[in-house]
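Residue numbers (my numbering): 8 to 519.
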């Protein structure tokens with residue numbers, strides 16, 4: 008975006024040398040009186056000429072321009088000098104119009120209202136550019152070309168922005184073996200997303216998963232912005248049914264149904280081009296039902312006749328940093344269980360009255376121009392009391408500690424940590440050549456707030472893998488891990504028990 012020339016102020020008319028005691032500067036809001044007084048101080052309490060006065064006007068204007076106020080400047084009005092005081096007026100520039108072009112499904116106000124948040128007054132080019140960069144982070148936007156032009160009068164400007172919208176729809180399919188082996192060896196999931204249905208950036212998304220022991224796993228979510236500052240509201244619904252299919256327990260007809268309904272409000276409290284901090288509050292109701300041989304049955308303490316209901320308030324803090332060579336994402340979730348909406352309540356067993364703190368951190372650092380990367384992942388949960396199974400922390404599996412089964416440990420508190428080094432196998436890692444070799448070490452630990460706490464409580468795994476991501480449309484991962492902690496042998500052996508994990512995905516509608 009090219010800078011604007013400062014407003015036309017004209018030259019100071021010729022005047023004889025005059026004694027100046029002080030300058031009275033008015034009209035400034037973006038720059039303090041003290042800063043402007045420092046610039047004017049060398050010209051006070053001495054005789055000056057019209058050339059000196061013009062130089063002072065130029066320095067005041069230049070100070071504004073150098074600080075991003077590209078169409079602001081100093082004006083010396085016609086006046087009669089009295090008592091050695093000269094008046095100088097600051098004309099602070101402003102954006103008088105925002106013309107948005109190129110929208111197809113968006114309403115133009117979606118962009119003009121958001122751009123206006125960074126346009127002053129007074130207009131600051133640095134702030135405006137940062138606002139456009141923030142808008143480019145929106146996944147619904149693929150590009151913005153902006154041009155700043157002079158307005159009808161001095162100190163006024165007009166912004167013309169041409170927007171390129173991202174694809175409105177997204178579809179995808181994934182296949183992996185990260186599911187608990189008791190429910191099946193592999194899982195297939197279908198994903199879909201429709202964006203900008205009403206022109207204000209709303210998104211409806213859903214997924215459908217299935218496996219040998221999972222006839223359905225449905226997730227639906229609708230999110231819509233509430234204002235130009237991206238305060239947003241979301242509602243979501245999830246329901247999954249599963250059946251144990253692993254021998255010898257498959258004969259017992261063990262089934263489970265889990266249902267979640269929730270609503271959330273979120274707001275970004277701090278945003279810069281590379282950083283964002285958001286706060287959110289969510290209210291959820293979660294319900295599980297388990298059966299054995301077709302009859303309700305409780306497998307865990309606190310579950311009544313196979314049924315458990317949790318009502319919970321979650322307070323979430325999200326932080327995201329994007330640098331040239333690193334990305335840091337961190338989330339903190341405080342959950343407060345409620346004795347409301349039919350939740351499970353006991354006097355001496357785990358119930359819906361609890362408090363937990365869940366922390367999640369991911370960090371990626373590029374280490375060399377060749378493209379070597381370091382991936383760090385750390386998750387933890389702390390609890391004040393024993394928990395119902397719906398809210399417990401799991402350790403083991405592809406996204407936790409490789410070398411062990413998914414949900415090898417499921418307890419009240421715990422942590423998982425992963426350190427992974429990736430190195431491109433080709434000198435020019437683009438397209439189909441974007442293949443990386445990976446070495447990793449994973450560690451996890453979990454315990455219950457009350458007994459029992461069977462051994463082991465900690466798991467350690469190491470291994471290697473291949474990661475392939477030729478474009479946003481395709482990805483593939485395969486890892487081989489060795490568990491360094493001895494655990495009870497499962498009744499049957501799957502790929503997970505041999506330390507082999509895979510995940511493949513195809514999203515054909517994404518830009519190549």
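Just so it is clear, CB atoms sit at the ideal spot from N, CA and C, and this is done for glycine as well.
- Contact between residue 237 and residue 275 holds: their C-beta atoms lie close to 6 Å from each other, under 8 Å.
- In this structure, 103 is the residue among 289, 103 and 394 with its C-alpha nearest to the C-alpha of residue 165.
- For residue 366, same chain residues with a beta-carbon under 6 Å away, outside a window of 5 residues either side, are 339 and 387 in chain order.
- Under the three-state reduction of DSSP output, residue 348 falls in the coil class, being neither helix nor strand.
- Per DSSP, residue 192 lies in no alpha helix (DSSP H) segment and is marked neither H nor E.
- For residue 398, the secondary structure class from DSSP, reduced to helix, strand or coil, is helix.
- In the structure shown, the three-state DSSP call for residue 58 is helix.
- Its Cα nearest to that of residue 87, the residue 27 stands out among 361, 27, 341 and 64.
- In this structure, the CA atom of residue 288 is about 20 Å from the CA atom of residue 391.
- When DSSP states are grouped into helix, strand and coil, residue 31 belongs to the strand group.
- Separation of residue 517 and residue 198 (C-alpha to C-alpha, rounded to the nearest whole angstrom) is 13 Å.
- Taking C-beta atoms under 8 Å as the contact rule, residue 229 and residue 239 fail to qualify, at a distance of about 11 Å.
- Only residues of its own chain outside the window of five on either side were considered, and among them 235 have a CB closer than 7 Å to the CB of residue 120, listed in chain order.
- Taking 8 Å as the cut-off, the Cβ atoms of residue 476 and residue 447 do not count as close.
- With contacts defined as CB atoms closer than 8 Å, residue 207 and residue 117 qualify as a contacting pair.
- By alpha-carbon distance to residue 379, the top candidate from 97, 434, 415 and 317 is 434.
- Per the Cβ contact rule, the segment 51-62 is not in contact with the segment 96-116 (fewer than 3 Cβ pairs under 8 Å).
- Taking 8 Å as the cut-off, the Cβ atoms of residue 496 and residue 412 do not count as close.
- With fewer than 16 other Cβ atoms from the protein chains shown falling within 10 Å of its own Cβ, residue 277 counts as exposed.
- Secondary structure note for residue 358: it is in no alpha helix (DSSP H), with a DSSP letter that is neither H nor E.
- By the beta-carbon neighbour count (other beta carbons within 10 angstroms, threshold 16), residue 150 is exposed.
- Contact between residue 261 and residue 251 is confirmed by a C-beta separation of about 4 Å, below the 8 Å threshold.
- Scanning the segment 417-456 from its first residue to its last, the whole beta strand (DSSP E) runs of 3-plus residues come out as 420-431 and 442-454.
- Given a length threshold of 3 residues, each whole run of the beta strand (DSSP E) inside the segment 238-300 is given here in chain order: 239-250, 262-278 and 282-299.
- Residue state for residue 321 is assigned as strand, using DSSP reduced to three classes.
- Exposed is the label assigned to residue 111, since fewer than 16 other Cβ atoms lie within 10 Å of its Cβ.
- Here residue 93 is not near residue 35, since their CB atoms are 8 Å or more apart.
- Rounded to whole angstroms, residue 482 and residue 177 show a C-alpha spacing of 15 Å.
- Counted as a single uninterrupted DSSP element, the stretch harbouring residue 226 is not any alpha helix (DSSP H) but the beta strand (DSSP E) occupying residues 221-232.
- Excluding five sequence positions before and after residue 430, the CB atoms of its chain that fall closer than 6 Å to its own CB belong to 379 and 444, given in chain order.
- Taking the Cα of residue 129 as reference, the smallest distance to any Cα among 414, 72 and 352 is reached at 72.
- Within the DSSP bridge table, the entry for residue 94 names 31 as partners.
- Shown here, residue 333 sits in a strand according to DSSP, grouped into three states.
- Following the DSSP letters along the chain, one finds residue 136 inside the alpha helix (DSSP H) bounded by residues 132-143.
- Under the 10 Å beta carbon count, residue 410 is surrounded by 16 or more other beta carbons and is classified as buried.
- A Cβ-Cβ distance of about 6 Å is found for the pair residue 148 and residue 173, placing them in contact under the 8 Å criterion.
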